[in-house]
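Accompanying notes for the structure given below.
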Amino acid sequence: MNDVEIEVVRSALDQSIADQILILEEKMMFLATAVSASPFLGLFGTVWGITLAFTGLAITGKADIATLAPGVSGALLTTVVGLVVAIPSLVGYNIIAILIKRVTVYLDNFIEEYIAKLKMEQLESTK
1 MNDVEIEVVR SALDQSIADQ ILILEEKMMF LATAVSASPF LGLFGTVWGI TLAFTGLAIT
61 GKADIATLAP GVSGALLTTV VGLVVAIPSL VGYNIIAILI KRVTVYLDNF IEEYIAKLKM
121 EQLESTK
């Protein structure tokens, strides 16, 4: 192989790896959305639950546990659900991001080693 052919091989390998890494990173969109959206959904539910608690207070005119508990309970429940979704999603996202980075480095190193081997073979064939 001559230098031009070796560079064509390198370019093809680089492009293939870039395409595959892009596919992997696109699959992470779901986790990224879950990480960023679930706390907001939890917060929305919290605000909604507190609003219901105060609405119950305004309607009944008394601040007892039976009036406030359903709204506060709903508020806390949605907060918990938001966190239950967000925290594992964030951990999963970070683990997968690290794995994608490792695969990228591994494949880049493979290309460099392969190209070096091709160049060594080229040098040996010219002797």
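full-length UniProt numbering puts the sequence shown at residues 1 to 127. Even glycine gets a Cβ: it sits at the ideal position worked out from N, Cα and C.
Measuring CA to CA, which of Val91, Thr79 and Val35 is closest to Gly45?
Looking up residue 45 in the sequence shown gives position 45. In this structure, Thr79 is the residue among Val91, Thr79 and Val35 with its C-alpha nearest to the C-alpha of Gly45.
Leaving aside the five residues before and after Ala32 along the sequence, list all residues of the same chain whose C-beta is less than 8 Å from its C-beta, in chain order.
Indexing the sequence shown from 1 puts residue 32 at position 32. Closer than 8 Å at the Cβ level, and outside the excluded window around Ala32, lie Tyr93.
Does DSSP put Asn94 in a helix, in a strand, or in coil?
Residue mapping note: residue 94 aligns to position 94 of the sequence shown, counting from 1. Looking at Asn94 - three-state DSSP - the assignment turns out to be helix.
Whole angstroms is fine: what's the gap from Val105's alpha carbon to Glu121's?
In the sequence shown, counting from the first residue as 1, residue 105 sits at position 105. In the sequence shown, counting from the first residue as 1, residue 121 sits at position 121. In a straight line, the C-alpha of Val105 is about 24 Å away from that of Glu121.
Proximity below 9 Å, CB of Ser89 to CB of Ala53:
Position 89 of the sequence shown, counted from the first residue, corresponds to residue 89. Position 53 of the sequence shown, counted from the first residue, corresponds to residue 53. The beta carbons of Ser89 and Ala53 sit no closer together than 9 Å.
So which of Asp14, Asp3, Ile59 and Ser36 has the shortest CA-CA distance to Leu83?
By 1-based counting over the sequence shown, the position of residue 83 is 83. Nearest C-alpha to Leu83: Ser36.
Sequence ranges, alpha helix (DSSP H) only - wholly within the UniProt domain "MotA/TolQ/ExbB proton channel" (3-107), length at least 4
3-27 and 29-60
How do the region 13-24 and the region 105-120 stand: do at least 3 beta-carbon pairs fall below 8 Å, yes or no?
yes
Contact set for Ala97: own chain, Cβ-Cβ below 8 Å, skip 5 residues either direction
Locating residue 97 in the sequence shown gives position 97, counting from the first residue. Closer than 8 Å at Cβ, skipping near neighbours: Met28.
Looking at Leu107: is its Cβ nearer than 9 Å to the Cβ of Ile6?
Sequence index remark: in the sequence shown, residue 107 carries index 107 (1-based). Sequence index remark: in the sequence shown, residue 6 carries index 6 (1-based). In this structure, Ile6 does not lie closer than 9 Å to Leu107 by Cβ.
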